[in-house]
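Protein chains in written order, with full-length UniProt numbering: chain A, 1 to 202; chain B, 1 to 202; chain C, 1 to 202; chain D, 1 to 202. Here a beta-carbon is modelled for each residue, glycine too, at the ideal position from N, C-alpha and C.
4 protein chains.
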Amino acid sequence: MTLIERSFNIGSMRHKDENKSESIFNAAIQLINEHGLAETSMSKIAKKAGVSSSTIYVYFENKEDMLNKLYLSIKKKMSLEVFYDYDDSLSLQSAFEHALRKYINFILTNKDEFLFLEQFSNSPLLHKLSLKEGLDFFEPIFNLLEKGKIQNVFKQVDTNLLHMFMFIPAMQYVKIYIGGQIEFKQENLNELIQMTWDALKA
Amino acid sequence: MTLIERSFNIGSMRHKDENKSESIFNAAIQLINEHGLAETSMSKIAKKAGVSSSTIYVYFENKEDMLNKLYLSIKKKMSLEVFYDYDDSLSLQSAFEHALRKYINFILTNKDEFLFLEQFSNSPLLHKLSLKEGLDFFEPIFNLLEKGKIQNVFKQVDTNLLHMFMFIPAMQYVKIYIGGQIEFKQENLNELIQMTWDALKA
Amino acid sequence: MTLIERSFNIGSMRHKDENKSESIFNAAIQLINEHGLAETSMSKIAKKAGVSSSTIYVYFENKEDMLNKLYLSIKKKMSLEVFYDYDDSLSLQSAFEHALRKYINFILTNKDEFLFLEQFSNSPLLHKLSLKEGLDFFEPIFNLLEKGKIQNVFKQVDTNLLHMFMFIPAMQYVKIYIGGQIEFKQENLNELIQMTWDALKA
Amino acid sequence: MTLIERSFNIGSMRHKDENKSESIFNAAIQLINEHGLAETSMSKIAKKAGVSSSTIYVYFENKEDMLNKLYLSIKKKMSLEVFYDYDDSLSLQSAFEHALRKYINFILTNKDEFLFLEQFSNSPLLHKLSLKEGLDFFEPIFNLLEKGKIQNVFKQVDTNLLHMFMFIPAMQYVKIYIGGQIEFKQENLNELIQMTWDALKA
DNA sequence: CATGAATGAGTTTTCATTCAT
DNA sequence: TATGAATGAAAACTCATTCAT
């Protein structure tokens, strides 16, 4: 909390605090990326967030609930930043490239959130429901892909396959870059986008 | 151990029981896939494996060590089954398709092992070293890809990029199939292989 | 509070709401019978009573205070319903039988209150003071028993012994009936009353 | 552990220890009588018993299991001490008096165990099964009562009623004596036994 | 009077691991 | 080699209570 925020807060210190929820989320993301889901306890999260661990239970039902809400909140943030300004007038290829670049840019500049998503996606704590809800945020992309199939620009295959090919290699690329196994090159990125396009193209 | 099994063991200097190690591995894989890494304790593994939990510490230094050894053992098994019979006389495309199909076949018929790999790959318990060692098993594939680049059949891009594009979509496809989000179709598989080829092709 | 309820309250100096106190008591009784004293928390009581848990602390000092007040309130209610109309003109045996039947009837028709009493009577949270105060409500009965001793109808033994023999078997009978271990029969009841009388009779 | 016991134990310190189970039971009984079931935590029991609280879970599944096993163990001990030497040659009244006196003597000299039983009997943690099993220990008494009915010495009423009248007043007497509300007199005891007999007698 | 938010201290239980045998 | 018993440390979560509004 900055000094200014603090002063705004004086009159309402006993009201449920967006900040608190936020700092719990941030603490969780950081710890999980640093030490893994299994090693991240509620009390460690609380300590890092600067609240009592019982306070977490004011905001969330239990650990599972907290993680699922965090998952959805990140998915939503991502969707808002990445897909909201989809421009209908662009050519299909431009739209495709635009969306993919924005997505890659998002995960590159929100590494922590992205890595949390990746780790949590493999956990049995992720509810089927959250998974589904999370996918919904990609709706504009599904529309794009369907349009591409209709225009015979993309292959006539299951849209899930197109969707998968569009994002999974990019995600993996960012993951191994973050993991230090390769170094990031703009050139690689362009190649990756080209390869993705080639995979989808009819 | 039956008498017969025992007699087979006679010539062996080591007393440690390959079977026991094996059943610990199997128990671990099953439990981790069922309940997640975080929820799988040594004592549960021991119970499922039919040994005392102290016995696990005869075979492995600690939990981390056990999981890393399990990781490498699966990677090795996979490598043996999938890449050992790489046939040099095949055309590049045939070799590519052959390898990819064998890989997909392996993970489809060894779902538990595959899912364990996926879950453990995202865990900080996975040692850098194991990760690297795990990659080594793909060496024949790296050779294939290099050859393809030299012959100008594949794009002139970082071989890691080629490797990534070759396997990651297939893995993701199997994962969402196992997760019940799509149904398996031979047709999809053929399309996937074609898309993969298109992505790599120069 | 509706407007009408509010207007009924006009003449009262106290703002504390008899209803609210009542619903806290009811919630407590129900929960304690259902799950036991140990498992009944203030917040669960509050939730069931439809108030905030901090509201309970407006009415009571703390949990102990609340339980003791509840205890006394039930004892009082019982005393009012059971012993207030003690009829001096009745013969001793009629008075005895009348009182005992009324008591049994009360605990049969107020099972929850009765069971709470039983459970709380064994708790160290029950203050000595409350216990003593609770006994006072039985004063008419002590008078009856003393009179019986003077008239040589009852045994010349410690009045506490008479009192105990008068009520304890009846209470136990109702308890095991409520617990489902026996079924209720009017016949049993008559026998029980006879046995009680025989125990007391000189 | 005495010095002698200790020396006997030297060679077997890693074998499940009857003593340990015993000291957990004793700690539990004492604490529950002192502070109530609700206030007695596993860690307090462990501390008092001189073991780690995790050790309790080596011997019992959970708190409920521990308490139920303790309940049955006391019931069994009581049954062994009180009813095992039932003498068939005695007259009914002698047998009745003998059993009742032995019972009263047992609860007077095992106050802690008795009070635990009383407190736990009212708890929802007491399993129906344990309750039933606990009653079984009274079998010799049920036989006695049945015989008395056949011989027309006792009233022709439900045996449960006879059983109840035989023990409940005695138990209550001991309870209020322990609670300090009355003082113990041999004379009272004799009166109590006479009253009990009068209640049962045909 | 009434309450939502907050929390320190506590709960039960499980964990990975050790150790004597 | 194999193990049953034991445990300190930590897990997730709940509790009675307070406090600012």
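When Cβ-Cβ separations below 8 Å define contact, residue 165(A) makes contact with chain B. For residue 36(C), the neighbours in chain D by C-beta distance under 9 Å run, in chain order, 37, 38, 122, 123, 124 and 125. Residue 139(A) is not a Cβ neighbour of residue 72(A), given a cutoff of 8 Å.
Annotation: residue 149(A) to residue 197(A) spans about 13 Å, alpha carbon to alpha carbon. Between residue 51(A) and residue 24(A), the gap from beta carbon to beta carbon is short of 8 Å.
Counting C-beta atoms within 10 angstroms of its own C-beta, residue 129(C) has fewer than 16 neighbours from the protein chains shown and is therefore classed as exposed. No Cβ-Cβ contact shorter than 8 Å links residue 200(C) with residue 167(C).
Within chain B, no C-beta atom comes nearer than 8 Å to that of residue 133(A); the closest sits roughly 13 Å away. Against residue 157(C), the close residues of chain D are 187, 188, 191, 192, 194 and 195, in the order they occur along the chain (beta-carbon pairs closer than 9 Å). In chain order, 169, 173, 182, 188, 191, 192 and 195 make up the part of chain D whose C-beta sits under 9 Å from the C-beta of residue 161(C).
In the three-state reduction of the DSSP assignment, residue 20(B) falls in the helix class.
Excluding the 5 residues flanking it on each side, residue 64(B) has same chain C-beta neighbours closer than 6 Å at 125, in chain order. Leaving aside the five residues that flank residue 163(C) on each side, the residues in its chain whose CB is nearer than 8 Å to its CB run, in chain order, 138, 141, 142 and 145. In the three-state DSSP reduction, residue 167(B) falls in the helix class (H, G or I). At a Cβ-Cβ threshold of 8 Å, residue 191(A) and residue 161(B) count as neighbours. Of all residues in the segment 96-124 of chain B, only 118, 119, 122, 123 and 124 place a beta-carbon less than 7 Å from a beta-carbon of chain A. In the same chain as residue 75(D), and ignoring 5 residues on each side of it, the C-beta atoms closer than 7 Å to its own belong to 134 and 137, in chain order.
Residue range 186-200 is occupied by the alpha helix (DSSP H) that includes residue 198(D).
Under a criterion of Cβ atoms nearer than 9 Å, the residues of chain C adjacent to residue 198(D) are, in order, 155, 195, 198, 199, 200 and 201.
Under the three-state reduction of DSSP, residue 83(D) is assigned to helix.
In this structure, the alpha-carbon of residue 68(C) lies about 7 Å from that of residue 127(C). Going by beta carbons, residue 83(B) and residue 99(B) fall inside the 8 Å limit. Under DSSP, residue 120(C) forms no beta bridge with any residue. Each residue's CA atom was taken as its position, placing residue 114(D) and residue 107(D) some 6 Å apart.
Proximity to residue 118(D) across 70(D), 152(D), 187(D) and 102(D) peaks at 70(D), based on C-alpha coordinates.
Counting the other Cβ atoms within 10 Å of the Cβ of residue 116(B) gives 16 or more, which makes it buried. Scanning its chain for C-beta atoms nearer than 8 Å, with the 5 sequence neighbours on each side dropped, one finds around residue 195(B) the residues 169, in chain order.
Burial state of residue 31(A) is buried, judged by a 10 Å Cβ sphere holding 16 or more other Cβ atoms.
DSSP places residue 106(B) within a helical segment (H, G or I) once states are collapsed to three.
Linking residue 48(B) to residue 27(B) through their CA atoms gives a straight-line distance of about 6 Å.
In this structure, the beta-carbon distance from residue 188(C) to residue 158(D) falls below 8 Å. Residue 60(D) sits in coil when the DSSP states are folded into three classes, being neither helix nor strand. Excluding the 5 residues flanking it on each side, residue 103(A) has same chain C-beta neighbours closer than 7 Å at 82, 167 and 170, in chain order. Judged by DSSP secondary structure, residue 148(B) falls within the alpha helix (DSSP H) whose first and last residues are 139-150.
Selection 165(A), 180(A), 122(A) and 22(A) evaluated against residue 77(A) yields 22(A) as nearest (Cα-Cα).
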